[in-house]
Structures are given as structure tokens and as C-alpha cells.
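Chemist: Next up is a structure, given as C-alpha cells.
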């Protein structure tokens, strides 16, 4: 196997070396305290992984420990799953303990595979391979939940477990698993499932969408075949993997004796059929009727399916704009209130019903002089409210268009102080050379080594901070809240847009928008463009009287 395992000896035995003692030890665990149980399990697994045991005994002990491991891991994972990045110290500590325990469990099963003779029981060999992949799959899922980039060690172990299954000719054997949702799956299915998750770019999705894709990958893994040669030509492009590498599957083909191909032709047919029927609509084409899940409402379900379709069967996502290498400093603001504060010239948000005379006079003078309200970045108010303009590094840019861009990839050292990011969060950035802040949303965020990296989708146009509130009888007491208006962008054929608080959009709904430059005006919402964690963006037109 292309993995290193700890050497074994007889110096420090675990608390048990046979099944009966292990069962009694597990029965005495204080399951009401998952953190304590997790620490006890981790210690015993570390001792087992360094103690000499025959393969049959080691496997029997691991099978007994597996259920309490799965239980406490799920409980502790709640502390970091789906949290903004970077994780807070208690969340990071919870993730570190979960990741270490999954790797310790996988190490135990890899010990069982190491040196296993080809003449052994095929069913048992398949079970060990499947259990190894199951532990690594759960580790990968928790890495995604925590916003962490998987390391090369995980992929070396995943490939090693499957390579052994191929060598022992058990990759096609189904293995029952009481801790796995769904029917018994083959070792190859378990391997494909992890590779599909990696190809799906789950770090770009919300936690709810991630859960859907994880379920779909499990259900449809059996539609993908792992081949030692290039599959027949079809509209579906095969994924390629190198069993000797430390990387996941990709569409660019590998070569050599360790190269394998994932034939996705059947998966493509299944995905395409579901996408077509979802688009048609009707009571027989709901996500539940199509086997996508009762918890998958439209249009979010169709959006998630459209995201994974090119990543699984069509060669990846084609970018709308050419990608350009770019480096330099970038000012960065997180959160609706902070963005509104800086775009308003470092003025706290106040109801426009009674603006001060001094404020109106100063802001109008700045508009007349600078054609915009001046941005002020340092004062006591911003410090007291936690507002700050962070310094990030631009590491990539997507096609500049009319002083706007499709997106930026930014990076910040973890040790550098700054706000926390979540997928779908509203942000504002000002790359070096830009005249002002631009609005955008966090497309994805991930911790990679000692840095946090984020992909930002920018909204074209120069934003105007406004105060907004809904009108009408139902919204008579609706308070003023911060929002933003974006002008039409002719080059992109994009009409005027409004960035509003969550839950604002309804077709033809009328809002009142107030700004220093324009005063009060009524706008009518037309089409929703996207919804984020703390905003909604929609096109608008002036509302008639």
C-alpha cells in the first residue's frame, strides 16, 4: 500500500486485546458525555494501532468500537458543522478531535489490510476495504462541514484501500453495513462515492445543499463503473484517477498502470432526465417523485442538481470570463451594516425620517465635490461596533468588465485578525486601483493550510447605499433597513438591481428607497437574481404612482 502505518510492538497494550473485554469496556462508556468518550476511544485506538495483534483479532475489536465512534463523532461534529470561517478556537478543537479519531479508525482497518494474503476470505477482505473507505468517507464529510481542504494523506489512503480491493479481486463484492444509510454497497461503489463528493465542489454549497449532494452521491455511485482502460466514447466525459497519487479524480486523464477511469455515461442519463423533468414541472415531476428527497424544495433542488451536473459528467464548469493571474492588496468589508456604514461615508445607519441638517449638508457637499459620499475608514464608531476594513490578498481575477469583474479569489493568513465568512454572505471589496467599494457575495470559503481562501462573486455596478422599507397596508409599520441600489450595466445587459434584506422579494412588490442623492422614491421588484445568507438581489424598475 502507498501509505505509511505506525510500527507495532508489545510495550503498551490497550485496555483490551480480545472481543469479550472490548465489549465490556464499551458497555461502561459514559455515552452522555461525547467529548469524554471521544477522548477514551482515541486513546485506545492509538494504543491498538501501535500494538501487535493478529488481523482477525484487530478486526473484531474495531467492529466493536465502530458504533460508539460513529455516535460520538456525530455529536461532537455539531460544534463546527456549517459554521463561518475561520472556526473559533472551541470549534477548531472539536474539528481536530473528530478528524484525528476518523484517521485513527482508518489506520486500524489499514493495519488489517497490510500484508493480507490473496488466499484469505474474500468476504472478509471486502468488509475491511469497505470499512476503511467508510471511515475515510466520514472524515471527508466532516472536512467539508468544517470548511477544510482535504490533505493528500486522505487521498493516498482512499486510493490504497481501493487498490487492495482490486488486487484481492473483491472490489465488486457488496458489503452490508448497519451504520451506513441505504442498501449494501460494493467496495467500488464506496470508492466512487468519495470521488463524486470531491468532484462536486461541495465547499461552494450551503450546508443544506451539501447534505443533498452527499445523499445523491451515495444513491448514484452504483451507476459509475471504475475501469482500467478508457471507456467507450459517449457524451459523458469520464473522470480519471491515479491510484498512486495523493489527489482526487479529475477530468484531465492520467496515464500509466495506476490510472483508472470513472465511466459516467449512466450517471449522465439519470441526471439529465431529472433536470429535464424538473424544468417541465407538474405534480409528477417534483423532487420527491424523482427520488431527490422530500427535503429538497424547488428551485433550490434544481439549482444544486445543475451545479453538480457539469462537475460530474461534463468536464467541469466553463467560466463565463477568462481567468487572469492577479496579485495585490484588496480592502474587504464583511456584513450588511458594516458595508452600509462605509459606503455612506462612515455614517451610522439612521431612519431617514429625521436626518440631521448637518449630515444632509455635508453629504450633499461631498456629492457635489467628489460625485460620491467620501469614504472614511477610521473612527471611534467603527471600532466600537466591530466594523473594519480588512486587508486581503487578491490571488486571481475573472475578466475585468467596465471596472467590475465576474469574481475574485482572495486569501488571508489565518493568524491575521478579521471577520468570519459564510457561503452566501454579503461583502464589499475594493481591489487596488478601484475608485470605491464593490458589492459581492461569498461564493465559497475554505481553509487551506495556514490561510483562508474565498471566492467572491462581484455584483456589477457602483452601489448606492439606501434605506428601504416595504409599502402597502400589510407593511405599514415596516421599519427602515439598510439596502443598496445598483445601476444598469449596458455591457452585460443587466438591468438595475436592488440588494435587500432577506425575505424581501416578491414579484411586483413595491419598496420605498431613500438616499441622500435622490431622496425618497418608489421601486417595483421584478425578478429575483439570487438569495444569500443575509441578502436578496432582484431587478427593479421605477414604480408608478
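Numbering (this note's numbering), first residue to last: 4 to 548. Beta carbons are placed, not taken as given, at the ideal position from N, Cα and C, and that holds for glycine. No experiment lies behind these values; they were computed from the predicted model shown.
DSSP state of residue 21, grouped into three classes?
Modeler: For the purposes of this step, residue 21 is taken as residue 18 along the chain shown, with counting starting at 1. Of the three classes helix, strand and coil, the one that applies to residue 21 here is coil, per DSSP.
Chemist: Measuring straight from C-alpha to C-alpha, what distance separates residue 127 and residue 119?
Modeler: The residue you call residue 127 lines up with position 124 of the chain shown. The residue you call residue 119 lines up with position 116 of the chain shown. Near 11 Å, if we compare the C-alpha coordinates of residue 119 and residue 127.
Chemist: In or out: residue 452 buried (at least 16 other Cβ within 10 Å) or exposed?
Modeler: Taking the chain shown and counting its residues from 1, one reaches residue 452 at position 449. Per the 10 Å Cβ criterion, exposed.
Chemist: Indicate the three-state DSSP secondary structure (helix, strand or coil) for residue 404 in the structure shown.
Modeler: The sequence position of residue 404 within the chain shown is 401, counting from 1. Low confidence applies to residue 404: its pLDDT is 38, below 50, so where it sits in the model is not reliable enough to give any reading.
Chemist: Using CA atoms only, rank isn't needed, just tell me which of 265, 247, 260 and 171 is closest to residue 254.
Modeler: By 1-based counting over the chain shown, the position of residue 254 is 251. With distances taken between Cα atoms, residue 254 lies closest to 265.
Chemist: If the criterion is Cβ atoms closer than 7 Å, does the pair residue 349 and residue 468 meet it?
Modeler: Here residue 349 is taken as the residue at index 346 of the chain shown, counted from 1. Here residue 468 is taken as the residue at index 465 of the chain shown, counted from 1. No; because the gap between Cβ atoms is not below 7 Å, this pair is not in contact.
Chemist: Do residue 442 and residue 463 have their C-beta atoms within less than 7 Å of each other?
Modeler: Translated into positions along the chain shown, residue 442 becomes position 439. Translated into positions along the chain shown, residue 463 becomes position 460. The answer is no: Cβ separation not under 7 Å.
Chemist: Smallest Cα separation from residue 55: which of 97, 181, 44 and 114?
Modeler: For the purposes of this step, residue 55 is taken as residue 52 along the chain shown, with counting starting at 1. The residue with the shortest Cα to Cα distance from residue 55 is 114.
Chemist: Taking the beta carbon of residue 84 as the centre, do at least 16 other beta carbons fall within 10 Å, making it buried, or is it exposed?
Modeler: For the purposes of this step, residue 84 is identified with residue 81 of the chain shown, where counting begins at 1. Label assigned to residue 84: buried.
Chemist: The alpha helix (DSSP H) that contains residue 145, what's its start and end?
Modeler: Here residue 145 refers to the residue found at position 142 when the chain shown is read from its first residue. Unbroken alpha helix (DSSP H) run through residue 145: 125-148.
Chemist: Which first and last residues belong to the alpha helix (DSSP H) in which residue 557 is found?
Modeler: With the chain covering 4 to 548 only, the question about residue 557 has no answer from this structure.
Chemist: Contact between the region 70-84 and the region 410-419 is defined here as three or more beta-carbon pairs at a separation below 8 Å; is this criterion met?
Modeler: Verdict: no, contact absent.
Chemist: How many whole angstroms separate the CB atoms of residue 183 and residue 137, which I take to be in contact at a CB cut-off of 8 Å?
Modeler: Locating residue 183 in the chain shown gives position 180, where the first residue counts as 1. Locating residue 137 in the chain shown gives position 134, where the first residue counts as 1. Contact flag correct, Cβ pair sits at about 6 Å.
Chemist: Going by other Cβ atoms of all chains shown within 10 Å of its Cβ, with 16 needed for buried, is residue 217 buried or exposed?
Modeler: Taking the first residue of the chain shown as position 1, residue 217 is located at position 214. It counts as buried.
Chemist: Report all residues from its chain with a CB closer than 8 Å to the CB of residue 544; omit the five preceding and five following residues, and keep chain order.
Modeler: For this step, residue 544 is matched to residue 541 along the chain shown. Answer for residue 544: 498, 499, 526, 527 and 529, listed in chain order.
Chemist: When DSSP builds the beta bridges, which residues end up paired with residue 54?
Modeler: As a working note, residue 54 is residue 51 in the chain shown. Looking at the DSSP assignment, residue 54 forms a beta bridge with 12.
Chemist: By the 10 Å Cβ neighbour count, where 16 or more other Cβ atoms means buried, how is residue 117 classified, buried or exposed?
Modeler: Looking up residue 117 in the chain shown gives position 114. Exposed, because fewer than 16 other Cβ atoms sit within 10 Å of the Cβ of residue 117.
Chemist: Between residue 97 and the rest of its own chain, which residues show a CB-CB distance below 7 Å, the 5 nearest in sequence each way excluded?
Modeler: Along the chain shown, read from residue 1 onward, the residue named residue 97 stands at position 94. 79, 82 and 83, listed in sequence order.
Chemist: Is the region 138-148 touching the region 101-114 in the sense that three or more CB pairs, one from each, lie closer than 8 Å?
Modeler: Touching, yes, given that three or more Cβ pairs across the two stretches are closer than 8 Å.
Chemist: So, residue 515 versus residue 474, is the Cβ gap smaller than 7 Å?
Modeler: Translated into the one-based positions of the chain shown, residue 515 becomes position 512. Translated into the one-based positions of the chain shown, residue 474 becomes position 471. For residue 515 and residue 474, yes; Cβs fall inside 7 Å.
Chemist: DSSP state of residue 185, grouped into three classes?
Modeler: As a first step, residue 185 is located in the chain shown; it is residue number 182 there, counting from the start. Coil at residue 185, not helix or strand.
Chemist: Which of the three DSSP states is assigned to residue 523 in this structure?
Modeler: Against the chain shown, residue 523 aligns to sequence position 520. Strand, per DSSP.
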